[in-house]
Amino acid sequence: MSTNKFGFWSIVLLGINAIIGSGIFLLPNKAYALTGSFSLIVILFDMILAISMALCFAELSGLFKKNGGPYVYAKAAFGDFVGFEVGFMKAAVSIIAWATMANGFVTALSAVWPIASEPIYKNSIIIALITFLAIINILGVKLSEILNNIVTIGKILPLLLFISVGIFFINGGNFTPFFTTQVTETSSFGAAALLIFYAFTGFESISSAAEDMDDPKKNLPRAILVVMLIVSAFYLSIQAVSIGILGTSLANTQTPIATAASEFLGPVGGILVTAGTLISIGGINIAASFLTPRNIVAIADDKLLPPVFSRYSKYGTPYVAIAFSAILTIFIALSGSFTQLAAISVVSRFTQYLPTCLAVIVLRKKNPTEKSSLRLPFGPVIPLISVIVSVWLLVQSDLEKILIGLGGLIIGIPFYFLMKKQYLDK
51 MSTNKFGFWS
61 IVLLGINAII
71 GSGIFLLPNK
81 AYALTGSFSL
91 IVILFDMILA
101 ISMALCFAEL
111 SGLFKKNGGP
121 YVYAKAAFGD
131 FVGFEVGFMK
141 AAVSIIAWAT
151 MANGFVTALS
161 AVWPIASEPI
171 YKNSIIIALI
181 TFLAIINILG
191 VKLSEILNNI
201 VTIGKILPLL
211 LFISVGIFFI
221 NGGNFTPFFT
231 TQVTETSSFG
241 AAALLIFYAF
251 TGFESISSAA
261 EDMDDPKKNL
271 PRAILVVMLI
281 VSAFYLSIQA
291 VSIGILGTSL
301 ANTQTPIATA
311 ASEFLGPVGG
321 ILVTAGTLIS
331 IGGINIAASF
341 LTPRNIVAIA
351 DDKLLPPVFS
361 RYSKYGTPYV
371 AIAFSAILTI
381 FIALSGSFTQ
391 LAAISVVSRF
401 TQYLPTCLAV
411 IVLRKKNPTE
421 KSSLRLPFGP
431 VIPLISVIVS
441 VWLLVQSDLE
451 KILIGLGGLI
461 IGIPFYFLMK
471 KQYLDK
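Residue numbering for the sequence shown follows this note's numbering, beginning at 51 and increasing consecutively.
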């Protein structure tokens with residue numbers, strides 16, 4: 051095994067780190083407020099959808115070993131233009147999301163260190179965090195792998211403690227009534243499904259760095275499936291314990307896991323969960339800092355972005371793409387406009403998911419002799435169901451966010467034709 055590439059279990063930890071962020075520490079109360087104990091069924095619904103989508107990514111990741119993930123799949127199935135649009139949106143939103151998470155880290159830190167909320171300290175911490183992670187990435191994949199593994203394990207341990215101890219303090223009466231009047235309202239179910247689904251997003255990211263992984267055609271498909279099963283088990287268990295401990299009061303607490311942990315572990319439980327929140331948000335920043343530049347490199351490798359982004363350092367890392375994404379992330383994080391821009395990510399996720407699910411069907415017909423190391427059963431059924439349910443879920447979002455997302459696709463069009471004229475046509 052290459053010493054400077056992510057092995058199987060490191061890929062799994064990277065995937066977990068890319069998905070589990072601050073949302074899991076805040077999710078239980080919002081989901082419960084919408085559908086009560088039935089939120090467990092909503093999580094199960096989203097889990098099946100997310101795993102179905104992840105399986106589509108898993109099959110395609112077994113056909114390619116290039117960076118880019120959704121961009122590579124869309125380009126192979128539908129051509130340069132669709133591929134660029136998917137890649138452009140993924141790269142843009144990855145940077146916006148990283149900026150949002152860097153800011154989120156300082157917000158979480160200010161809860162235990164109030165001075166961090168003051169503008170000069172807040173901005174300094176954001177710049178230091180992003181710069182530090184960029185330097186770590188430039189210095190080599192192995193260093194990033196070690197840091198990611200340590201932080202991901204640190205993120206998982208408080209959640210494991212919460213589940214393994216909390217399960218013994220569950221009050222079964224807190225789950226009744228299981229079906230409330232809210233459940234019969236499609237809008238409530240749809241809103242809850244949309245809310246919870248975003249907690250599962252991020253699985254698509256790990257395929258973006260295929261070239262930095264050992265034997266990606268074999269390891270990536272298996273890793274994606276393992277990641278989704280682990281994350282799904284965490285989400286279901288955390289929601290069940292939160293309901294079982296807090297009951298109806300769960301809907302009114304702003305820190306559901308910390309509050310529930312304090313019920314059966316005392317003040318120490320609250321402190322552990324708060325520390326876990328910081329580690330979790332810090333961890334997802336690490337994953338973002340590693341994966342975001344790889345999206346840019348993938349597009350540049352195909353001459354759809356200036357070739358300077360494909361330059362590698364003596365450490366074997368894409369230093370120009372890393373530096374560019376870090377600088378842009380700092381600019382967006384400090385601008386304060388990221389809260390509005392983050393709305394793009396709501397729709398942009400589906401600009402990656404829908405083409406990828408359809409690409410499974412197209413590439414099977416286009417290249418019938420090429421077989422993935424993980425091939426979906428039942429022909430086109432799983433990809434088609436994923437597409438149909440995704441469209442339904444997308445409709446649950448508000449019109450403003452949909453228009454912002456589509457606006458992002460429109461912005462990408464002139465960039466595509468400019469790059470095509472400068473590089474592809476030469």
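Even glycine gets a Cβ: it sits at the ideal position worked out from N, Cα and C.
{"Asked": "Residues that F56 bridges to, as DSSP identifies them", "Found": "M263"}
{"Asked": "Alpha-carbon spacing of E195 relative to I206, whole angstroms", "Found": "16 Å"}
{"Asked": "Whole-angstrom distance between I411 and S423, CA atom to CA atom", "Found": "16 Å"}
{"Asked": "Coarse secondary structure for N221, derived from DSSP in three states", "Found": "coil"}
{"Asked": "Delimiting residues of the alpha helix (DSSP H) encompassing P317", "Found": "317-351"}
{"Asked": "Beta-carbon proximity list for A301, same chain, < 7 Å, skipping 5 on both sides", "Found": "N79, Y82, A83"}
{"Asked": "CA-to-CA distance, F219 to V62, given in whole angstroms", "Found": "31 Å"}
{"Asked": "Sequence-distant residues of the same chain with beta carbon closer than 7 Å to T234, five excluded per side", "Found": "Caution is warranted here: a pLDDT of 47 is assigned to T234, below 50, making its placement in the model unreliable, and the coordinate value is therefore given only provisionally. Closer than 7 Å at the Cβ level, and outside the excluded window around T234, lies no residue."}
{"Asked": "Whether I274 touches A108 by CB criterion (7 Å)", "Found": "yes"}
{"Asked": "Stretch-stretch touch, CB-based, cutoff 8 Å, three pairs: the stretch 241-260 with the stretch 349-364", "Found": "no"}
{"Asked": "L159 versus N173: straight-line alpha-carbon distance, rounded", "Found": "13 Å"}
{"Asked": "Rounded C-alpha distance that separates E420 from Y123", "Found": "14 Å"}
{"Asked": "Nearest to T157 (by Cα), restricted to the options I295, S287, I331", "Found": "I331"}
{"Asked": "Alpha carbon of A308 to alpha carbon of G319, nearest angstrom", "Found": "7 Å"}
{"Asked": "Helix, strand or coil at W163 according to DSSP, with G and I counted as helix", "Found": "coil"}
{"Asked": "Element boundaries [alpha helix (DSSP H), containing S440]", "Found": "431-445"}
{"Asked": "CB of A127 within 7 Å of CB of A409, strictly", "Found": "yes"}
{"Asked": "In chain order, each alpha helix (DSSP H) run of at least 4 residues that lies wholly inside the stretch 172-213", "Found": "none"}
{"Asked": "With 16 other Cβ atoms within 10 Å as the buried cut-off, status of A16", "Found": "Nothing in the structure corresponds to residue 16, since the chain is present only between 51 and 476."}
{"Asked": "Residue range of the alpha helix (DSSP H) that includes T298", "Found": "Note, T298: premise wrong, no alpha helix (DSSP H); not H, not E."}
{"Asked": "Cα-Cα separation, L378 to A242", "Found": "33 Å"}
{"Asked": "The stretch 275-295 touching the stretch 135-150, judged by at least three CB pairs closer than 8 Å", "Found": "no"}
{"Asked": "Residue from F314, V92, Y466, A325 with nearest C-alpha to I217", "Found": "F314"}
{"Asked": "Rounded separation between L456 and Y365 - CA only", "Found": "38 Å"}
{"Asked": "For P227, the three-state DSSP class (helix, strand or coil)", "Found": "coil"}
{"Asked": "Contact under 7 Å by Cβ, D264 with K55", "Found": "yes"}
{"Asked": "Distance CB(L296)-CB(A310) smaller than 7 Å", "Found": "yes"}
{"Asked": "Q402 beta carbon less than 7 Å from that of E254", "Found": "yes"}
{"Asked": "Residue closest to L444, alpha-carbon to alpha-carbon, out of M97, G154, G240, P120", "Found": "G240"}
{"Asked": "Length of the line joining the Cα atoms of F381 and F467", "Found": "26 Å"}
{"Asked": "Contact set for A104: own chain, Cβ-Cβ below 6 Å, skip 5 residues either direction", "Found": "F253, I274, M278"}
{"Asked": "Rounded distance between the beta-carbons of L270 and G112, thought under 8 Å", "Found": "7 Å"}
{"Asked": "Where R33 falls: helix, strand or coil (DSSP)", "Found": "Missing from the structure shown is residue 33; the chain here goes from 51 to 476 and no further."}
{"Asked": "Distance, F465 Cα to Q472 Cα", "Found": "11 Å"}
{"Asked": "Bounding residues of the alpha helix (DSSP H) (the contiguous stretch that carries T379)", "Found": "369-385"}
{"Asked": "Backbone CA spacing between A152 and I145 [nearest angstrom]", "Found": "11 Å"}
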